[in-house]
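S.K.: The numbering used here applies: residue 8 is where the sequence shown begins, and numbers increase by one. Where a beta carbon is used, it is the ideal one built from N, C-alpha and C, also for glycine. Everything numeric in this text was worked out from a predicted model, so none of it was measured.
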Amino acid sequence: MKPLDFSELLVVAKENLNPKMTARNCEAGHVSCALQTTSGTIYTGVAITVPCGIGFCAEHAAIAAMINNDESRINKLVTVYKDGSILAPCGRCREFISQVDDQNDNCQILLENNIVATLAELLPEKWDKPVF
């Protein structure tokens, strides 16, 4: 598979949006993530937000789909909100991406204004570096 440019990956993320309220306190599908692995495969996921902090981010859902297909290395990633705006991964997601595969520090992430940053730039000091 050929590597996608970010405009193509952004289209995939936006097409995956499916915002809805599934219960009075549960918003789902309002954030979407599309990632491309180093093999060229694309995985998507959506966020589920519920009270008490027990929901999960779209990046987690996309990574779970990737892991379920025996892949762990991310080449590119983009996350979008229901209005189509680009979101940077939150701190928890940055750490999660980093922990899934050591090579993911090289993952390119699309930010607002067509800025592309690597995960290493967004998460420069690893807390576990001295330990492992």
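Ignoring anything shorter than 4 residues, give me the alpha helix (DSSP H) runs that lie fully in the stretch 11-98, in order along the chain.
M.R.: Within the stretch 11-98, the complete alpha helix (DSSP H) runs of at least 4 residues are 13-23 and 65-75.
S.K.: What are the residues that DSSP puts in a beta bridge with Ala124?
M.R.: Ile116.
S.K.: Ordered along the chain, which non-local residues of its own chain (more than five positions away) have a Cβ less than 6 Å from that of Thr51?
M.R.: Within the same chain, Thr51 has close Cβ partners Asn23, Ala41 and Ala69.
S.K.: What does the alpha-carbon distance come out to for the pair Lys136 and Gly98?
M.R.: Taking the straight line joining both Cα atoms gives about 17 Å.
S.K.: Rank Ser46, Gly60 and Val53 by C-alpha distance to the C-alpha of Asn82 and give the top, closest one.
M.R.: Taking only the C-alpha atoms, the option nearest Asn82 is Ser46.
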